[in-house]
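Enquirer:
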Ligand code: HEM
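Residue numbers (the numbering used here): 3 to 399.
(1) Extract the residue ranges of the alpha helix (DSSP H) inside the segment 51-83, only unbroken runs of 4 or more that lie entirely within it.
(2) Who are residue 389's beta bridge partners in DSSP?
(3) Is it right to say residue 121 is buried, meaning 16 or more other beta carbons lie within 10 angstroms of its own, or is it exposed?
(4) Taking the beta strand (DSSP E) that residue 41 belongs to, which residues open and close that run?
(5) Starting from the C-beta of residue 243, find all residues in its chain whose C-beta is less than 6 Å away, skip the five residues before and the five after it, and write them out in chain order.
(6) Considering only DSSP beta bridges, list what residue 31 is partnered with.
(7) Counting along the chain, where does the beta strand (DSSP E) carrying residue 304 start and finish?
(8) Is residue 347 near the ligand HEM, with its Cβ less than 8 Å from a heavy atom?
(9) Does residue 205 come out as helix, strand or coil in the three-state DSSP assignment?
(10) Would DSSP call residue 24 helix, strand or coil?
(11) Please state the DSSP three-state secondary structure of residue 246.
(12) Going by the CB atoms, is the gap between residue 313 and residue 54 shorter than 9 Å?
(13) Tell me which same chain residues have a C-beta within less than 8 Å of the C-beta of residue 399, skipping the five on either side of it?
(14) Can you give me the C-alpha to C-alpha distance between residue 321 and residue 50, rounded to a whole angstrom?
(15) Any chance the CB of residue 275 is under 8 Å from a heavy atom of the ligand HEM?
(16) Since residue 400 sits in a beta bridge, which residues does DSSP pair it with?
(17) To the nearest angstrom, how far is the alpha carbon of residue 146 from that of residue 368?
(18) Who are the Cβ neighbours of residue 162 in its own chain at under 7 Å, not counting the five residues just before and after it?
(19) What is the residue span of the beta strand (DSSP E) that residue 396 lies within?
This is the structure we're talking about:
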């Protein structure tokens, strides 16, 4: 059972079960997923890092493969929308990757990110004031809908020229994509999701042909339309949904960490340290995949070419070999910043500075509000191999 892996569901090399946590995990566990495909689940920080930084032995080609094989009916729907996802960014182990990555990195340059801080601060401050007024009046508020859901997309749209689509359409598409590719699904649901994903893919395809900014730069560099669409597709999913999820996870965690909130208020705790500790303990991307290119070994386990290797990023962040108090939220503790929430190596997240800036801005502005609330409805997390995908997060005074 690979799903809900963030919850420490017991998984042994022999099989799976549900219920109480195992005190000890093997460094590399053989686990079967819901359709019986075997994966190697890597649980230790050093080994996860080793895989991520050795693209010759462990290729990224399977990063976006659907974990529930798509039935012909869903494939037909996608084909009708001319859906294609060629290797562009996360799943591109080929020669074109460095150039595509460099163009995306230009759009997300730290200077351009820093220039958005004041604008974002003003927007978040305004939102938090509205939410605080609601709380003051005794009304419950949804911090996912009120803060986390759309802010990352609004910022992204100021950095990267995107199709002119309503926020709700982009969110629906992005969440459908995360479910279609990373969740255990039945055929009916796959067909519904294929319709959502295919529909928006068509919008992206039209934009890729004429849009400026990053799309124009990719076209000018000679990349074919499919590559432009693939890059936009990944950016719209990875570039906003992950950060939305992280903001919700972090706010939820902080409500249960009154000492950290007090430290933020009196200045004894740095917001940047809170964000890093949040990424370490509550990463929105729980696992990430690679595929073995050759026969090799990993932590003493034989790995045959073609094996799917599932890197448990969330677990690596809690490796006692790296961090002093693995399960405790202690901003600034030794090892706090050594998490692998953004991956490592040639494919390391290019949006990390953007995500950090957004999280630091939100935490700074929302900390006083979080200190005085209780949770009415904690976020709910659907089964998904990789993404947390929280929904509503409702609090009241
Ligand atoms: C908290 C938020 C985020 C987390 C936890 C996160 C995490 C990740 C991870 C784990 C990877 C794969 C790394 C690897 O294979 O080694 C990745 C790749 C990537 N991320 Fe993020 N990400 C976040 C936000 C963002 C944002 C805001 C953007 C852009 C606006 C972004 C753009 C990308 C891109 C383009 C890649 C592919 C890089 C490549 O293959 O060269 N991410 N991210």
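Even glycine gets a Cβ: it sits at the ideal position worked out from N, Cα and C.
Expert: Reading it off the structure:
(1) You should have 74-82.
(2) The count along the chain shown starts at 1 and reaches residue 389 at position 387. 287.
(3) Locating residue 121 in the chain shown gives position 119, counting from the first residue. When all chains shown are included, residue 121 counts as exposed.
(4) For the purposes of this step, residue 41 is taken as the residue at position 39 of the chain shown. Start and end: 40-44.
(5) Working through the chain shown from its first residue, we reach residue 243 at position 241. Taken in chain order, the residues that qualify are 176.
(6) To locate residue 31, count along the chain shown from 1; it is residue 29. Its beta-bridge partners are 43.
(7) Reading the chain shown from its first residue, position 302 is the one you call residue 304. Taken as a continuous stretch (DSSP letters only), the beta strand (DSSP E) holding residue 304 covers 303-305.
(8) For the purposes of this step, residue 347 is taken as the residue at position 345 of the chain shown. Because some heavy atom of the ligand HEM lies under 8 Å away, the Cβ of residue 347 counts as near it: yes.
(9) In the chain shown, the residue the question calls residue 205 occupies position 203. Residue state, collapsed to three classes: helix.
(10) On the chain shown, position 22 is the one that residue 24 refers to. In this prediction, residue 24 scores a pLDDT of 44, lower than 50, which makes its location untrustworthy; no coordinate-derived value is stated.
(11) If you number the chain shown from 1, residue 246 lands on position 244. Residue 246 falls in the helix class under three-state DSSP.
(12) Looking up residue 54 in the chain shown gives position 52. Looking up residue 313 in the chain shown gives position 311. Yes, they are a contact pair.
(13) Position 397 of the chain shown, counting from 1, holds the residue named residue 399. For residue 399, where only same-chain residues beyond five positions count, the Cβ hits under 8 Å are 137, 138, 140, 374, 375, 376.
(14) Taking the first residue of the chain shown as position 1, residue 321 is located at position 319. Taking the first residue of the chain shown as position 1, residue 50 is located at position 48. Each residue's Cα considered, the two are about 11 Å apart.
(15) As a first step, residue 275 is located in the chain shown; it is residue number 273 there, counting from the start. No, the beta carbon of residue 275 sits no closer than 8 Å to any heavy atom of the ligand HEM.
(16) There is simply no residue 400 to check, as the chain begins at 3 and stops at 399 in what is shown.
(17) Locating residue 146 in the chain shown gives position 144, where the first residue counts as 1. Locating residue 368 in the chain shown gives position 366, where the first residue counts as 1. Going from the Cα of residue 146 to the Cα of residue 368 covers about 12 Å.
(18) Residue 162 sits at position 160 when you count from the first residue of the chain shown. Answer for residue 162: 109, 215, 216, 237, listed in chain order.
(19) Counting from one through the chain shown, the residue named residue 396 turns up at place 394. Note, residue 396: beta strand (DSSP E), 396-398.
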